[in-house]
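First comes the structure, then the notes that go with it.
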Amino acid sequence: MRCPRWQQLLLFVLLSMLMAAPVFAEEMTPEDSLQDVKIDREATPAERSAVAEEMKQAATAIEPESTSGIQSSGTFNLKEAVLKALADNPSIEAVRRGATSAEESRKAARGSFGPSLNTTYTALHTDRSSYNTHNTYLWSVKVSQPIFTGFKLLATYNSAALTAQSKDLALGQAELNLIFLVQQNFINLLTARENVESAKDSVERLASQLKVAQAFYDVGLKPRIDVLRAEAQLSEAEDTLISAQNKVVIQEARLNTLLNLPVNAHINYKGELAYFPFEQPLEVSLDTAAHYRPDILIARKATEISQEQVTVAASEFYPQVSASVEWTKTGDGLEVNGFDSSTNPTALSETTVGAKASWDLFSWGTTYFATTSAKQTVLSNKASEANTWQEAAYQVKSRYLNIINAAKRIKVAEKTVAAAEEAYRMAVARYQAQVGTNTDVLDAQADLSSAEASLITARGDYMISVASLYNATGRKVPGLTTSDVINQTGSGLEADIAKDLKNDVAADSTDDTGAQN
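Following our numbering, the numbering of the sequence shown begins with 6 at its first residue and continues without gaps.
As C-alpha cells, then:
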C-alpha cells in the first residue's frame with residue numbers, strides 16, 4: 006500500500022530538519038548559547054564601553070555629508086558687511102527689478118506720443134457677384150497720429166514717469182532698511198561677544214571663590230553652606246555663559262543670511278563696541294529727513310501722480326482729434342492685384358488722408374464724477390503726505406533722544422563698573438582675611454556682572470541708536486561714520502544740506518528787507 010503524496014512530503018521535511026540540526030549546533034558558539042539562555046543578566050563595564058563605542062561609530066557613519074564644500078570664509082567689518090548685503094541680498098534684487106519694470110512702463114507711455122502703424126488684410130465672399138466676382142480681397146496700411154487727446158497722453162506719461170521715480174525711491178528705502186538691519190545685527194553680534202567675555206570673567210571669579218570657600222571648609226574655618234552657595238552661583242554663571250555663546254552663533258547665522266552667504270559659513274566679523282561723539286544738531290537731522298527720507302518723497306510723488314490722474318479723468322471733457330494716412334489695395338485674388346474685369350471702375354489702390362474729431366457731449370455724469378473722485382484722491386494723498394512727515398519728525402526726534410540717553414547711560418555704567426570692581430576686590434580680600442562673609446563676595450560679584458552687562462548694553466544701544474537715526478533721516482552710512490556716507494546727491498549730502506540752509510537764510514533775509522522797505 007503506497008502512502009499518499011502529502012504524507013511523503015511531510016516525511017521528507019522532517020528528515021531534512023533532523024539532518025540540519027547537528028550542523029546548526031556546530032555553528033553556534035558558546036557565547037551565542039549563553040546569550041540565548043541568559044538574556045537578562047547585567048552588562049559589564051567593559052561591555053558597556055564597547056557598546057558605547059559601537060554606537061559612536063554608528064552615529065559617525067550616519068552623519069550627514071560634510072558641508073565644507075559650501076562653507077565660505079572671509080573677514081568683514083561693519084562697512085564691508087553692509088556693502089556686501091547691498092550687492093547680494095535677494096530682497097534688494099526683487100525691489101530693483103520692480104524699479105526696472107516701472108522704467109519700462111514709462112518708456113511704453115512715451116511711445117503713445119508717436120504715430121502708430123497698422124496693416125489689415127480682409128477677405129470677403131458675397132452671395133451676389135460684384136464686378137463679376139463673388140470674392141473680394143483688401144489689404145490696407147494705415148498710419149495714425151493723435152493730435153489732441155485732452156492732455157490725456159501727457160498726463161499718462163507724467164504719471165508713468167512719477168511712478169518710475171517712486172519705484173527708484175522704494176529701492177532706496179529698501180536699501181536704507183537693509184543697511185539698518187545689517188548694522189543692528191552686527192552690533193548685536195558685538196554685544197553678544199562682549200557678553201560672552203563678561204560671562205567668562207564671572208565664571209572665573211566664581212570658580213576662584215569656590216576654591217577659597219572649599220579650602221576654608223576643608224580646614225573647618227567656614228561652614229558647608231558657603232561652598233554650596235558658591236557652587237550654585239557658579240552653575241548660574243555657566244548657564245549664562247552658555248546662553249551668551251549660543252546667541253553669538255545665532256547672530257553670526259543671521260548675518261550670513263543677510264549677506265546672502267551659506268548659513269554655516271565661517272565668517273570673521275570684526276569690530277568692537279565703541280563710543281564716538283555724535284554732534285549733528287536735531288534741526289539738521291529734521292532738515293535732512295525732509296529732503297532725503299524716501300518715504301516722504303514717495304508720499305510726495307503719490308500726490309503728484311494723483312494730480313496727473315485728475316488730468317486723465319478730465320480729458321473726456323475735451324474733443325479727441327487724430328490724423329491718419331491709409332493706403333488700400335483691392336482685388337479679386339489672394340494677391341490683391343485688382344479685378345480681371347475691364348469694366349471695373351475701382352482702382353487697383355488708393356490713398357486716403359484725413360483727420361478725425363470726436364467729442365462725447367453727454368455721458369450721464371461719468372466724466373464729472375470720475376474727475377471729482379480723482380480730486381478727492383489728491384486731497385487724501387496730501388493728508389497722507391502730511392502724516393508721513395509728522396511720523397518721520399517723531400522718529401527723528403525720538404531716535405535723537407535715544408542717542409543722548411544711551412550716551413548718558415554709558416557714563417553712568419562706566420562709573421558703576423569701576424565702583425563694582427573695587428567693591429569686589431575689597432569683598433574678596435575681607436573674605437580671605439576672614440573678616441568678611443561669603444555672601445559679601447557673591448553679592449559683589451553679582452553687582453560687578455550686572456554693571457558690566459549694563460555697560461555693554463549701553464554701548465550697543467548707543468551704536469544702534471546712531472544707526473537708527475541715520476535710517477530715520479534717510480542717510481546711508483554703512484560704517485556709522487560721516488566719511489562713509491553713500492553719495493546720492495552729486496555734491497554730497499552735507500554740501501546739499503549746507504546749500505539748502507544757506508538758501509533758506511538768504512530767502513529770509515530778502516523777505517525781511519522787503520518788509521522794511
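From the three backbone atoms N, C-alpha and C, an ideal C-beta is built for every residue, glycine too.
Taking all protein chains shown into account, P299 has 16 or more neighbouring C-beta atoms within 10 Å of its C-beta and is therefore buried. By the 16-neighbour rule on beta-carbons within 10 angstroms, P324 is exposed. Nearest to V232 by alpha-carbon distance, out of A107, N193, K216 and I247, is K216. Non-local C-beta neighbours of L167 in its own chain, meaning closer than 8 Å and more than five positions away in sequence, comprise K306, E309, I310 and E313, ordered along the chain. For the pair E355 and K334, the Cα-to-Cα distance works out to about 7 Å. Beta-carbon to beta-carbon, F281 and I408 are separated by about 11 Å, too far to satisfy the 8 Å threshold. Residue ranges of uninterrupted alpha helix (DSSP H) with 4 or more members, entirely inside the stretch 264-306 and ordered along the chain, are 287-297.
Burial check for V471: the Cβ neighbour count within 10 Å reaches 16 or more, so the residue is buried. Pairwise C-beta distances place the stretch 223-241 in contact with the stretch 441-459, as three or more of them are shorter than 8 Å.
When DSSP states are grouped into helix, strand and coil, A362 belongs to the strand group. For the options T124, I301 and T245, the alpha carbon positioned closest to that of A477 is the one of I301. No Cβ-Cβ contact shorter than 9 Å links A318 with A360.
Between the stretch 241-258 and the stretch 196-204 there are three or more inter-stretch CB-CB distances shorter than 8 Å, so the stretches are counted as touching.
Annotated three-state conformation of Q439 is coil, per DSSP. Of the other Cβ atoms in all chains shown, 16 or more fall within 10 Å of the Cβ of Q170; this residue is therefore buried. DSSP places Y323 outside both helix and strand once states are collapsed to three, so it counts as coil.
Under the three-state reduction of DSSP output, E257 falls in the helix class. Secondary structure at K402: helix, using DSSP grouped into helix, strand and coil. Counting only residues of its own chain and dropping the five nearest sequence neighbours on each side, D173 has a CB closer than 7 Å to the CB of A104. When the five nearest sequence neighbours on each side are left out, the beta carbons in the same chain lying within less than 7 Å of the beta carbon of E277 are those of L195, in order along the chain. Contact between the stretch 387-407 and the stretch 288-299 is established, with three or more Cβ pairs separated by less than 8 Å. L122 carries a strand assignment under DSSP once its states are collapsed to helix, strand and coil. Here F185 carries a helix assignment [DSSP, helix/strand/coil]. Three or more Cβ pairs closer than 8 Å define a contact, and the stretch 452-466 meets that threshold against the stretch 408-424.
Under DSSP, K84 shares a beta bridge with no residue.
Residue pairing of E331 in beta bridges, as defined by DSSP: K147 and T357.
By alpha-carbon distance to L129, the top candidate from N123, T141, G119 and F118 is T141. Shown here for Y162: same chain residues with a beta carbon closer than 8 Å to its own, the five before and five after excluded, namely R111, A114, R115, S117 and F118 in chain order. Within the same chain, and ignoring the five residues on either side of Q150 in sequence, the residues whose Cβ sits closer than 6 Å to its Cβ are P120 and A328. Approximately 6 Å separates the beta-carbon atoms of E331 and S145; this is inside 8 Å, confirming the contact. Within its own chain, the residues whose Cβ lies closer than 7 Å to the Cβ of L181, once the five positions on either side in sequence are excluded, are P299, N476, G479 and K481, listed in chain order. By the neighbour-count criterion, in which a residue is buried when 16 or more other Cβ atoms sit within 10 angstroms of its Cβ, L366 is exposed.
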